[in-house]
Every structure is written in structure tokens, then in C-alpha cells.
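Offset between the sequence shown (1-based) and the numbering used here: plus 5. Right, one structure below, let's go through it.
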Amino acid sequence: MTRSHEPFLLSMPNSRSDNSQVYDRLDRVGEILDYLSCTSILLVADPVAFEQSGASRLLEQVLESRKADVFSEFAPNPSLEALEDGIRHYHSVQPDVILAVGGGTAIDLAKLIGFCSVQEVDPVDLIKSPLSNPRKGVPVIVAPTTAGTGSEATHFAVVYLEGQKYSVAHSYLLPDFAILDSTLTNTMPPNITADTGLDAICQAIESMWSVRSTEESIAYAAESIQLAWRHLKTAVQRPSEDDRRAMCQAAHLAGKAINISKTTAPHAISYTITSRFGVAHGRAVALTLGAVLGFNDKVSDSDCSDDRGVEYVRQIVGDIVQLLGFETSQDAVHGIRDLLIALDCPTKLSEVGATTAEQIEDIASRVNVNRLSNNPRRFTPESLRTILHSIR
């Protein structure tokens, strides 16, 4: 394939964990497509976000000058049915490039379509039993219209099969190009800005204390925490261009962090809260963030699950507290609660409908214990219940 000069890259921290390239404006897509000698595109787009964000206007000429098929008939949260429909679109157009515009659902679907379409295996088998030696698909370009999921920076994607959530992971799922154009988030309503921004903060904090963290992931996470904590409230209440840009960068950095470390207890607990009570993802994660921070701060030799030891975990929790601008973990717990109140988000399980001991027990029993294994302090069934009752 003959390639012209490479288009402008956005300045981002050096990465040792991936080779994806990041750009700063959606109107640069034409240059990227020229660089890839692209003549045909599969556009995976959230129909509402595609129009309201201004992406349709910015991409009009690019799409008109190339063979393009648009896949936009999917609901929030990627399903097997949507994936199979997207694969059919892929085979009908045989694209040189897949371009995704939207939030986490559109981006995850684009990643999965690109990956699954070139394998000689049924998508269900890929979801349940990933291949050891898969084929690389066509280049994937993603342009998030929300600031929070970080899917543009990760090598995994979520898909729901018969109501059960699966996470498919492979280095080939990492998008080849990410476009962080903060103007695409200008029309996000306050509640979505809050939800996605909280997801970014939680990802970054969880990444820092994850047992899988590295120096690289901690550097990404620390910068993300500082940016998101400083800008999220104003991004929700009275956003400026700087706030929108900062939240896009914070979300991307958090994505790069969890791409290495994965998430921990707040995310693990959140999935049941979302599925049982219909709470938006970021709010569901943030609901337990403060309680888990306090829990991790009290780690001991008997329940430390990080090989680097108790003092290391306590130091990391202390670093997080300082990044949030507080002196003690208790102050940070109160600060997180104050932020949730300011963003009109729930701080107690009773606010989302979990009011009885039986409902708390139901949440605890449904948490996937394997997803708790990244947490630096080991959970027991009793400690999980204690945390849930503490925010009841």
C-alpha cells in the first residue's frame, strides 16, 4: 500500500504499551484516510451523537468522496445481535478502514466488527473462547463524542450475549487511530458529562491502586486524576472549551491506564447496581468509590493482595488522596461524596432503589468475584456486604 506523508499527531505522553496514534481534530480524518490509501469505509456511528456533535458536517466531504456504508442501527450496550449485523455490513462493503463516531457502544462495536469480521470463527466462539493466533483486521479509526469510557485507548471491548456481559481482549482490538476532538463533546448534556466524567475518574483511581499497575499506568492515571478532578464539576455546570478539552484528555489517559492495569472493586460492584437498578455506569461506579478508597487504606498483612506489600498499597492510596487535594483518606472520602452531590449523583444505595437488607444481599451475591481480584485489599463476602451497608 502506497502511503503519503503522515498527518499531524496530537502531543501525548510517550507510550510503551501500545502503538496507536492520537490526533486532535475530526477534520483530519481525510488526511489519515489518504495516508492509508483508503477508498472504502464502514462508518459505525451513534445516529444521535453523529448529528448533534457536528461530526456529520465535518465528515460530509470525506464520506461523499469514498465508498461508504453506515451502520447505526444499534442500541446502547453492544449486543451479539448488533455485532452480527455490523459484520454483515462489513462484508457487504469490504472496507479499507472502519471509522467509529460516538460513545463507548459505537467504539466497542467498531473494534469488535473489525476483529471478528476477518476471523474464520463464529463470533460467539470468539467471545467465549478467544483465539490464540487471530488475524489482524483493517485499520480502525475512532472519534469519541463523550469523555469518559476511554474505549479509544483500550485493547478490550464489551459485548452482551444473552444478557451476560463478556469482555473480549486482544491487542488487535486497540484502535489504530484515535481522534480526541473536544468540540464533539460540546453538545453533551450535563447528566452525560457527569456520568462519563465520573467513569474516567474512577478508572484512573482504580488503575493507580490495581495490583496490575505499572510505572507507566500510574503516570497516566495520576495525570488523569488531576485533570478530571480539576475540571469535571465546571464541565458539568458551566463548561468552557478548556474544561471539555481537559476531560477528553483525562478520559483518554484513564483509558490508557486501565489498558495496562484493568479496573478493580468499584467497577466490579457497579455492574450489578446498573443491571438491577438501571443506574448509569459512571454513577454506579462512583457510588462505591469513596467506600472502597477507605477500605483499601486499611489494608493489612493478612488481606493484602498486592505482591508489593502493605506499605506500597498505603503509599499509593496516600498518593491518590494528595492528587485529589486532600490530607487524609477520610477527607478524600468526604470530597468524593461532595462531588457526587454537586453533580446531582447518588451517594447512597437507597437513592437508587436498594433500600432493604435483602436487596443489599442480592447485590453482594451477584458481584463477579473474579473482577475483585485486581483490588489491592482482598475482599471477603462479609467485607463486601459491609461496604454495601456503609452506603445504604
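By construction, the Cβ of each residue, glycine as well, lies at the ideal position given by its N, Cα and C atoms.
Taking the C-beta atoms as reference points, Leu85 is found no nearer than 7 Å to Leu136. As computed with DSSP, Val297 is found in no beta bridge at all. The alpha helix (DSSP H) runs lying completely inside the stretch 126-209 and spanning 4 residues or more are 128-133, given in chain order. The alpha-carbon of Arg397 is positioned some 27 Å away from that of Thr154.
Under DSSP, Ala105 shares a beta bridge with Val49 and Val147.
Counting the other Cβ atoms within 10 Å of the Cβ of Lys141 gives fewer than 16, which makes it exposed. The beta carbons of Ser45 and Asp101 sit about 5 Å from each other, so the pair counts as a contact at 8 Å. Per DSSP, Phe282 is one residue of the alpha helix (DSSP H) stretching across Ala270 to Phe282. In this structure, Asp306 keeps its C-beta atom at 7 Å or more from the C-beta atom of Arg382.
Here Asp186 is near Leu31, since their CB atoms are less than 7 Å apart. Taken through DSSP and simplified to helix, strand or coil, Phe76 comes out as strand. Per DSSP, Val318 is one residue of the alpha helix (DSSP H) stretching across Val315 to Leu328. Rounded to the nearest whole angstrom, the C-alpha separation of Asp200 and Ala291 is 9 Å. Each residue's CA atom was taken as its position, placing Phe120 and Ile265 some 20 Å apart. Listed in chain order, the non-local C-beta contacts of Ala54 below 6 Å within the same chain comprise Gly107 and Thr150, local neighbours out to five positions each way being set aside. Taking all protein chains shown into account, Gln66 has fewer than 16 neighbouring C-beta atoms within 10 Å of its C-beta and is therefore exposed. For Arg390 and Ile146, the gap between their C-alpha atoms comes out near 42 Å.
Per DSSP, the continuous beta strand (DSSP E) segment holding Gln26 begins and ends at Gln26 to Tyr28.
Within the same chain, Gly260 and Asn264 come within 6 Å of Thr159 by CB-CB distance, once the 5 residues on both sides are set aside. In this structure Ile112 is in contact with Glu157, their Cβ atoms being roughly 6 Å apart against a cut-off of 8 Å.
Selection Leu377, Val75 and Ile92 evaluated against Lys267 yields Leu377 as nearest (Cα-Cα).
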